[in-house]
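Numbering (my numbering), first residue to last: 456 to 760.
The beta carbon of each residue, even a glycine, is placed where N, CA and C say it ideally should be.
Data first, discussion second: the structure below is written as structure tokens.
Here it is in structure tokens:
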């Protein structure tokens, strides 16, 4: 592990754990700026469903600058390559202003790449290749991928056909000399916001109620009226998927939608927690913050920066 003083902060935690709120407090106290690590907050117009909570950034004076939010249209399929490219530019901008970069988010793929360091080729989707590969059994796809890339960053690529096919696309792009971006491992203090499971369940339910009151259903209706396809909304997952099913009549009433969506978000939060525990097992020092305790975080940052 890097023994020099950390140059950034990473705030991990499951959905509804209060990552943005803690990030803003830290940024306000330590002259920082926020860099989002959320795969849906990059999209312009996905506001309520993704929990951008932009008012949080202006809850202090002066407001906290943020990056990697509202940067591409909903129709654009934003990739890990795109994220690393935008992140590198934003990170350098923050450092150039002698500000503290504070990475906040729950997208495991992005966070893993930043913590471990990552090199990736630009690999646009290849529909002809995908059609060809989809005909092959998983075992054959696994063999192809390992031939192209014997050392994998993420062995979960071997478990699902869709991930295998995307990993093969990327490996072929690297082999063919496509544009590559390399991000070195971040030297960061890593915090993980922890809540007991029952507490987190309650927070998820309360936040979902709030989002529905704020206009989540109307947001999905607006996106459809703007020409965003049902297929695209379904791809965007969770809130957008379940509200779409409700609007299409496949979920019969609003209460049923709420119950199903709350359960789906809870399952997603559990998967996030499993991923974060994997980081600890890999030997990274992660400071657990019970309930987003800012005073604990402030004390630890003063010790380590």
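| Check | Outcome |
| --- | --- |
| Euclidean distance between Cα positions of residue 563 and residue 737 | 14 Å |
| Range covered by the beta strand (DSSP E) that runs through residue 557 | 555–559 |
| Paired residues, beta bridge with residue 743 - DSSP | 647 |
| DSSP three-state assignment for residue 670, whether helix, strand or coil | coil |
| The stretch 578–591 contacting the stretch 545–562, beta-carbon criterion three pairs below 8 Å | no |
| Residue nearest to residue 618 in terms of C-alpha spacing, selected from 597, 719 and 652 | 597 |
| Secondary structure of residue 593, DSSP reduced to three states | helix |
| Length-filtered (3 minimum) beta strand (DSSP E) runs lying within the stretch 705–734 | none |
| Under the three-state DSSP convention, the category residue 756 falls into | helix |
| First through last residue of the beta strand (DSSP E) which encompasses residue 490 | 487–491 |
| For residue 479, three-class secondary structure by DSSP | helix |
| Beta-carbon proximity check, residue 573 vs residue 638, cutoff 8 Å | yes |
| Residue 575: first and last residue of the uninterrupted beta strand (DSSP E) it sits in | 573–576 |
| Pair within 8 Å by beta-carbon distance, residue 643 and residue 465 | yes |
| Segment contact flag, the stretch 727–736 with the stretch 703–716, C-beta cutoff 8 Å, min 3 pairs | no |
| Sheet register partners of residue 463 (DSSP bridge) | 643 |
| Same chain, Cβ closer than 6 Å to residue 633, neighbours up to 5 away in sequence not counted | 576 and 577 |
| Counterpart residues of residue 637 in DSSP-defined beta bridges | 574 |
| Between the CA atoms of residue 739 and residue 457 - distance to the nearest angstrom | The pLDDT assigned to residue 457 is 49, lower than 50, so where the model puts this residue is not dependable, and the model offers no usable value. |
| Own chain partners of residue 656 with C-beta closer than 7 Å, once the 5 adjacent residues on each side are dropped | 721 |
| Residue 753 versus residue 641 - alpha carbon distance | 20 Å |
| One or two residues paired with residue 701 in a DSSP bridge | For residue 701, which the question treats as bridged, DSSP gives no partner whatsoever. |
| Secondary structure of residue 472, DSSP reduced to three states | coil |
| Spatially closest choice to residue 615 from 602, 741, 595 and 703, by CA coordinates | 595 |
| Assumed close pair residue 470, residue 659 - CB separation to whole angstroms, cut-off 8 Å | 7 Å |
| Cβ neighbour criterion (16 or more within 10 Å) applied to residue 682 | exposed |
| Coil, strand or helix - residue 497 by DSSP | coil |
| Coarse secondary structure for residue 527, derived from DSSP in three states | strand |
| Sequence-distant residues of its chain with Cβ nearer than 8 Å to residue 703 (five each side left out) | 685 |
| Cα-Cα separation, residue 517 to residue 529 | 30 Å |
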